[in-house]
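What follows is a single structure, written as structure tokens, with notes after it.
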Amino acid sequence: MKISDILVEKTPHLSFEVFPPKTDAAYEGVLKATEAIAELKPSYMSVTYGAGGGTSKIASHIKDKYNVPSLAHLTCVSSTKEEVHQVIDQLKAAGIENILALRGDIPQESEFPLPNHYQYAYELIEDGQFPLPGQYSHACELIEDIKKMGDFCIGAACYPEGHVESEHKKDDIAHLKQKVDCGVDFLTTQMFFDNNILYNFLYRAREKGVTVPVIPGIMPVTNANQVKRILSMSGTNLPERFKAIVDRFGDNPKAMQQAGIAYATDQIIDLFANGINHVHVYSMNKPEVAAAIQANLSEILNK
11 MKISDILVEK TPHLSFEVFP PKTDAAYEGV LKATEAIAEL KPSYMSVTYG
61 AGGGTSKIAS HIKDKYNVPS LAHLTCVSST KEEVHQVIDQ LKAAGIENIL
111 ALRGDIPQES EFPLPNHYQY AYELIEDGQF PLPGQYSHAC ELIEDIKKMG
161 DFCIGAACYP EGHVESEHKK DDIAHLKQKV DCGVDFLTTQ MFFDNNILYN
211 FLYRAREKGV TVPVIPGIMP VTNANQVKRI LSMSGTNLPE RFKAIVDRFG
261 DNPKAMQQAG IAYATDQIID LFANGINHVH VYSMNKPEVA AAIQANLSEI
311 LNK
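Right under this line is the structure:
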């Protein structure tokens, strides 16, 4: 089932995200967590991009065994177009109908994973030249290729507080409009902790002609270490109310988990109350967190 078909429904929906294992040894643990989340019967599940075909494998498992629509992330940064085309073919062969098209973060020189036939190009990176020959420079190019290669429902990312590489928010909205014009069917936001930031973003985006559905992405913060990672990765604004929760409960893991789930639940209820019917939860392979949030919303979701 295509996510675009789900998004036309006017009742509240919840979806969850999982990520593939980094090693083969961790696969069974990730699969177990994924299955526990799939058993909650969310509207769909997204699977972040991982090397070695893990994304396609887990997305297919979710779809085929649990009959839950799956959304496969596809990141194109530092991959050749040929390599990305192979992944798209794999997703098509697996019957995956939904792809989240992402450029991804440009890696630092020391971590840039070059294929063997690109070893000669280290000097290009040293000079700040990106991308390398045969690679993607923007998500728009990836979106156009996905569109050409199959009948996929295509999602893309958006940033209510502005992309870290955009100096001005108006430029960020302009780039977002370009992605939508390339063939995006829906957008999913980066995490945010103040719903007013989202509402302001939606106003600005709609004003500039971005009319596709926008799915808010909510991150339940269940331990204090997550806050450090969030700030280092995205610089997301943390409201004083949220900071107070971390300060008060951050040293008590069980209390922090309960408070983080409550905070995320409160955000989701406010979104539903303001007419946003589809919310995506970054559940971080934690079925207990996904289940607790869904339980908190059981009557709203009619589950």
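The opening position of the sequence shown corresponds to residue 11 in the numbering used here, with each subsequent residue numbered one higher. Just so it is clear, CB atoms sit at the ideal spot from N, CA and C, and this is done for glycine as well.
Counted within 10 angstroms of its Cβ, other Cβ atoms place residue i as buried (16 or more) or exposed
i    : result
R113 : buried
P263 : exposed
A43  : buried
R295 : Residue identity check: residue 295 is Asn in the sequence provided, not Arg. When all chains shown are included, N295 counts as buried.
A167 : buried
S308 : exposed
N312 : exposed
P297 : buried
K189 : buried
A269 : buried
L241 : exposed
K51  : exposed
K73  : buried
V220 : buried
V87  : buried
Contact with chain B by residue i, beta-carbon distance below 7 Å
i    : result
V291 : Chain labels in this structure do not include chain B; a single protein chain is all it has.
For residue i, three-class secondary structure by DSSP
i    : result
H148 : coil
S14  : helix
V97  : helix
L41  : helix
F282 : helix
I106 : coil
S89  : coil
F196 : strand
F162 : coil
L24  : strand
M294 : coil
M201 : coil
L84  : strand
S66  : helix
L112 : strand
S56  : strand
V299 : helix
V289 : strand
Minimum C-alpha distance to residue i - residue among the options
i    : options                   : result
F26  : L17, K20, T33 and I47     : I47
N205 : I286, D195 and M266       : I286
I279 : F259, I310, D261 and A301 : I310
D191 : K180, K218, N284 and I303 : K218
L152 : A234, Q200 and I98        : I98
H148 : D276, G172 and L186       : L186
G105 : A300, S80 and K158        : S80
H83  : V194, G165 and R214       : G165
K32  : I68, I16 and V18          : I68
V40  : H71, S53, S14 and H23     : H71
E11  : H95, V28 and N108         : A small correction: the amino acid at residue 11 is Met; Glu does not occupy that position in the sequence shown. Nearest C-alpha to M11: N108.
L208 : E171, F196, V220 and A234 : E171
S53  : Q100, V78, D181 and T85   : V78
D15  : S66, Y146, T65 and F196   : F196
D261 : A272, F252, E250 and A234 : A234
G193 : K75, A272 and K157        : K157
N284 : S66, F259 and P226        : P226
S89  : Y59, L101 and R251        : Y59
P30  : E92, G64 and E49          : G64
T85  : Q277, F252, A111 and K91  : A111
A103 : K253, I271 and M159       : M159
Presumed contact (8 Å Cβ cut-off) between residue i and residue j, rounded CB distance
i    : j    : result
T199 : V231 : That belief does not hold up - the Cβ atoms of T199 and V231 are roughly 16 Å apart, past 8 Å.
F202 : T246 : 6 Å
H95  : D155 : 7 Å
V289 : L24  : 6 Å
V8   : I228 : A question about residue 8 goes unanswered here, because the residues of the chain that appear run from 11 up to 313.
I13  : C150 : Contact doesn't hold; Cβ gap of about 20 Å is too wide.
S293 : V57  : That pair is no contact at about 12 Å.
R214 : I183 : 6 Å
**Prompt:** Which ranges would you report for the alpha helix (DSSP H) in the region 217–255 if only whole runs of at least 4 residues count?
**Reply:** For the region 217–255, whole alpha helix (DSSP H) runs of length 4 or above, ordered along the chain, are 234–244.
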